[in-house]
Amino acid sequence: MAVQQRATVEDVARLAGVSSKTVSRVFGNRDLVAPATVERVLDAAKRLRFRPNSLARTLRRGGGTDTIGFVMGELGNPFYYGIASGIEQEASRNGNALVVATTGDTPDGEERVVDALLAQRVGALLLVPVAADQSYLEGERHLGTPVIAIDRPARNLVADAIVLANRSGVFDAASRLLARGHRRIGYVCNPAAVRAQAERVQGYREAMAAYGIGGTERWERLVDDPRAAPERIVADLLCGEDPPTALITGNNRMTIGALRAMRGLGEDVPALIGFDDFDTADVLGVSVVSHDPVELGRRAARLAIERIGDPLGFTRRIELPTRFIERGSGERPPRGA
């Protein structure tokens, strides 16, 4: 089958019996064109399946589009597509389109993916920062493109941020385990270098210190290796000397890895609390520090839309709360208690 060429403004003008300039006015500012002429042009465009190139028109004006760009980590993580769902809901309600790109949670991929989106003249950029430095966006920010950091603040960049109450959420989880008699409590995460994890580790250490427990490094596995299997990391901790009787996992992928690592341990299975809820956590009886990623996305999109209208406003950091959900795994007493 031969591929047809797309219709041009000139094709529409010939079929409608008007000038090319009139067709451009119809798709740009139709209030200046007589209603009968507008109807004739739109009918011709429909017959020819003509679509105006809004990006080219935007580039001629030197401005941004109504599209919101969202750069997230790996596509398979439920946390990220929950955020994307919230952004899409709010963007759609406001008449904005959404374009999503992924970095694969690798720092090297971030700037390349962001540059590709900015080349499309997105009206605002929403970003889950992975790289150690986002200063490469400073010039774009000065050009008026709002940048909203999600889940963790941007580094070396003045930008709005929507984050979770990471420190207090893990402090509460660790305090619950300590109140049940646990003293050897492990913390496991991958990646570990991101700001959100640093805050969660801080909450864990503060709770342990409140009970007079130091030297927690022996029960910590803070890994930065996307190739490292979560179950291997957990198994390494549980098979070591003086293994923990309870475990806090820093994200949903690590929680699932912990469940795999603990299969076959029988009565020796440690208590488990995961940060991030996931689809089957209720079925599996996994206690979690929960939050609403969809609401995280909604709030980020709402802030981006506000920023498009007021690019010179003061930057904001919004912290959304977490809540603890008891399902059984985090309520196990220490072994031998």
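If you count the sequence shown from 1, position 300 lands on 300 in UniProt numbering, and the numbers rise without skipping. From the three backbone atoms N, C-alpha and C, an ideal C-beta is built for every residue, glycine too.
task = Compute the Euclidean distance between the alpha carbons of proline 293 and tyrosine 211, then round it to the nearest angstrom.
result = Within the sequence shown, numbered from 1, the residue matching residue 293 stands at position 293. Within the sequence shown, numbered from 1, the residue matching residue 211 stands at position 211. Approximately 32 Å between the Cα atoms of the pair.
task = Ignoring anything shorter than 4 residues or poking outside the UniProt domain "HTH lacI-type" (7–61), list the alpha helix (DSSP H) runs there in chain order.
result = 9–16, 20–28, 35–47, 54–61
Close Cβ partners of aspartate 282 (< 7 Å) along its chain, the five nearest in sequence each way excluded = By 1-based counting over the sequence shown, the position of residue 282 is 282. Result list for aspartate 282: Arg327, in chain order.
key: Outcome for serine 92 when other beta-carbon atoms lying within 10 angstroms are tallied against a minimum of 16   = Here the question's residue 92 lines up with position 92 in the sequence shown. Under this definition serine 92 is an exposed residue.
query = Taking all protein chains shown into account, do 16 or more other C-beta atoms lie within 10 angstroms of the C-beta of leucine 59, making it buried, or fewer, making it exposed?
reply = Numbered from its first residue, the sequence shown carries residue 59 at position 59. Confidence at leucine 59 is low in this model, with a pLDDT of 46, below 50, so its placement is unreliable and the value that follows should be read with caution. It counts as exposed.
Three or more C-beta pairs below 8 Å linking the region 190–203 and the region 215–228 = yes
ask   = According to DSSP, is threonine 315 helix, strand or coil?
value = Working through the sequence shown from its first residue, we reach residue 315 at position 315. Coil.
ask   = Do glutamate 199 and arginine 221 have their C-beta atoms within less than 8 Å of each other?
value = For the purposes of this step, residue 199 is taken as residue 199 along the sequence shown, with counting starting at 1. For the purposes of this step, residue 221 is taken as residue 221 along the sequence shown, with counting starting at 1. Contact flag unset, no.
ask   = DSSP on phenylalanine 171, reduced to helix/strand/coil?
value = Counted from its first residue, the sequence shown places residue 171 at position 171. In this structure, phenylalanine 171 counts as helix in the three-state DSSP scheme.
query = For serine 290, which beta-bridge partners are listed by DSSP?
reply = The residue labelled residue 290 in the question sits at position 290 within the sequence shown. Answer by DSSP bridge pairing, in chain order: Arg323.
Cross-strand partners of isoleucine 150 (DSSP beta bridge) = For the purposes of this step, residue 150 is taken as the residue at position 150 of the sequence shown. BP columns for isoleucine 150 point to Ile162.
query = At what residue ranges does the region 84–122 contain a whole run of the alpha helix (DSSP H), taking only runs of 4 or more?
reply = 107–118
query = Out of Ala132, Ala159, Gln89, which has the shortest C-alpha to C-alpha gap to aspartate 108?
reply = As a working mapping, residue 108 is identified with position 108 in the sequence shown. Measuring from the Cα of aspartate 108, the nearest candidate turns out to be Ala132.
key: Cα-Cα separation between histidine 182 and isoleucine 150, rounded to whole angstroms   = Reading the sequence shown from its first residue, position 182 is the one you call residue 182. Reading the sequence shown from its first residue, position 150 is the one you call residue 150. Straight-line Cα distance between these residues: approximately 34 Å.
query = What did DSSP end up calling glutamine 5 once you bin it into helix, strand or coil?
reply = As a working note, residue 5 is residue 5 in the sequence shown. Looking at glutamine 5 - three-state DSSP - the assignment turns out to be coil, as it is neither helix nor strand.
inquiry  = glycine 95 and aspartate 115 - do their beta-carbons sit closer together than 8 Å?
reply    = In the sequence shown, the residue the question calls residue 115 occupies position 115. In the sequence shown, the residue the question calls residue 95 occupies position 95. It is not a contact, given that the beta carbons lie outside the stated cut-off.
key: Opening and closing residue of the alpha helix (DSSP H) in which residue 389 lies   = Residue 389 lies beyond the residue range present for the chain, which begins at 1 and ends at 337; the question has no answer from this structure.
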